[in-house]
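The structure appears below as structure tokens.
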Amino acid sequence: MEKLVICDNIILDENRDLWIEQCRAQQLVEQYGTPLYVTSERQIRENYRQIRDAFCAVYPKTLVMCAMKANNNMALRHILSDEGAGGEAFGPGELIALLESGADPRKCVLNGGYKEDYELILAVGRGVRINADSYKEVQDIERVASTLGKKADVRLRLRLQVPEFDEIPAQAGGRTISERFANSKFGLSPEQVLKCAEYIKGSEHMVLTGYSFHLGRQSLDTQHFAFVLREMANVAHMVYNELGIEARVLNIGGGIPSSSRDPEGHGTSGSVPQLSEYAAAMAGAIRKAVSEGKLTQEPVFELEPGRGVAGSAAVLLTKTMLYKENLGHRWMLVDCGGN
Numbered sequence: 000m001e002k003l004v005i006c007d008n009i010i011l012d013e014n015r016d017l018w019i020e021q022c023r024a025q026q027l028v029e030q031y032g033t034p035l036y037v038t039s040e041r042q043i044r045e046n047y048r049q050i051r052d053a054f055c056a057v058y059p060k061t062l063v064m065c066a067m068k069a070n071n072n073m074a075l076r077h078i079l080s081d082e083g084a085g086g087e088a089f090g091p092g093e094l095i096a097l098l099e100s101g102a103d104p105r106k107c108v109l110n111g112g113y114k115e116d117y118e119l120i121l122a123v124g125r126g127v128r129i130n131a132d133s134y135k136e137v138q139d140i141e142r143v144a145s146t147l148g149k150k151a152d153v154r155l156r157l158r159l160q161v162p163e164f165d166e167i168p169a170q171a172g173g174r175t176i177s178e179r180f181a182n183s184k185f186g187l188s189p190e191q192v193l194k195c196a197e198y199i200k201g202s203e204h205m206v207l208t209g210y211s212f213h214l215g216r217q218s219l220d221t222q223h224f225a226f227v228l229r230e231m232a233n234v235a236h237m238v239y240n241e242l243g244i245e246a247r248v249l250n251i252g253g254g255i256p257s258s259s260r261d262p263e264g265h266g267t268s269g270s271v272p273q274l275s276e277y278a279a280a281m282a283g284a285i286r287k288a289v290s291e292g293k294l295t296q297e298p299v300f301e302l303e304p305g306r307g308v309a310g311s312a313a314v315l316l317t318k319t320m321l322y323k324e325n326l327g328h329r330w331m332l333v334d335c336g337g338n
């Protein structure tokens, strides 16, 4: 048989030996035992660069903020920090790990539906951007920033109504994408956005820099991301008309697959589009909003890919402990639990 290239640096050769970079999997098992996670540093770097380069080629003001939740291994995160990647944290543990890895705080964002004071203190104190998800959280950020004598960079997480999504089946949870998001705990309605924006405008310790929305793996259609950016621009236009606050940042969240082996597509159907297709659709939507006057300037565009960076770079090596047949099924029980 010919060798099978699983991804650039993980290969099954003609002898059915698995190689991760220049290491033969069998030799790693003999040296370290099983179960054993093996990650390719080269693949991590290549995955990140492919996403960064694809988007920056058509929209230079793109910032890739790799999500810690996809893989919180500190060695891996040090690699991404070395590459100059930003980061996305959900909760204090991820935020501490992200900052300890050497990531630039100015390229990092703190997410989450509820944030306690100690994580807000860490984020505001270190200059990490915050995606706020409620009016109370905006008040909490202001209180913390006032105590620290700092000015917090805040984005508002949106609950968007995209007309096209009323008829498009959801890939994960709910019959349609609109139904999926209607049942989500995240995001602020346009009325709540205005209330929060007005509060931020009146504070000496906060600045509203933009907006966030996470479509994620609900769709593999690049045009759906363009729909989201169109509606984000509509919200930004509403706030600008009412309060004169310009949107300097649009954050689209994660869910950008980078390869056919990428687990970011888990639960989805259809082939994964090329990164260049995602980039062209999103850059086009932003520039269209600028040309229509919905945005006053081309904003910084933030992505939060996670599994699209980490997913294809690692393998789990395990050992078959027991083989059995039962009612027409064949079973191999392995030593790595329920992975």
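Heads up, the sequence shown is in numbering that gives the first Met the number 0, so the first residue is 0 and it goes up one at a time.
Even glycine gets a Cβ: it sits at the ideal position worked out from N, Cα and C.
What you are looking at is a predicted structure, and each value in this text was computed from that prediction instead of being measured.
- For Ser211, the enclosing beta strand (DSSP E) stretches over residues Met205 to Ser211.
- Runs of the beta strand (DSSP E) lying entirely within the segment 64 to 127 and spanning at least 3 residues, in chain order: 85 to 89 and 107 to 110.
- Burial of Trp18 is indicated by the presence of at least 16 other C-beta atoms within 10 angstroms of its C-beta.
- DSSP places Cys195 in the uninterrupted alpha helix (DSSP H) bounded by Pro189 to Lys200.
- In terms of Cβ geometry, Val127 and Val108 form a close pair [threshold 9 Å].
- Between the segment 325 to 333 and the segment 268 to 288 there are fewer than three C-beta pairs closer than 8 Å, too few to call the two in contact.
- The Cβ-Cβ distance between Asp16 and Gln25 falls below 9 Å.
- At a Cβ-Cβ threshold of 9 Å, Ile120 and Ala131 do not count as neighbours.
- Per DSSP, the beta bridge partners of Asn130 are Arg154.
- The residues Leu147 and Lys149, in chain order, have a CB closer than 7 Å to that of Gly124 in the same chain once the five nearest residues on each side in sequence are set aside.
- Distance from the Cα of Gly254 is smallest, within the candidate group His223, Ala284, Tyr113 and Gly243, for His223.
- The C-alpha of Ile199 lies about 42 Å from the C-alpha of Ser270.
- The Cβ-Cβ distance between Ile78 and Leu274 does not fall below 9 Å.
- The residues Asp132, Arg156, Leu157, Arg158, Leu159, Phe180 and Phe212, in chain order, have a CB closer than 8 Å to that of Gly186 in the same chain once the five nearest residues on each side in sequence are set aside.
- Between Leu302 and Ile244 the beta-carbon gap is near 23 Å, outside 8 Å, which marks them as no contact.
- DSSP places Phe185 in the coil class of the three-state scheme, outside both helix and strand.
- Rounded to whole angstroms, Pro91 and Glu118 show a C-alpha spacing of 5 Å.
- Secondary structure at Thr221: helix, using DSSP grouped into helix, strand and coil.
- The criterion of a C-beta distance shorter than 9 Å is satisfied by Tyr134 and Gln191.
- Taking the Cα positions, Pro304 is about 26 Å away from Val137.
- Annotation for Phe89: Lys68, Asn110 and Gly111 place their beta carbon closer than 6 Å to its own, counting only its chain and skipping 5 residues before and after.
- The beta carbon of Cys55 sits closer than 8 Å to those of Thr61, all from its chain and outside the five residues before and after it, given in chain order.
- The Cβ-Cβ distance between Leu97 and Arg76 falls below 9 Å.
- In the three-state reduction of the DSSP assignment, Thr146 falls in the helix class, which pools H, G and I.
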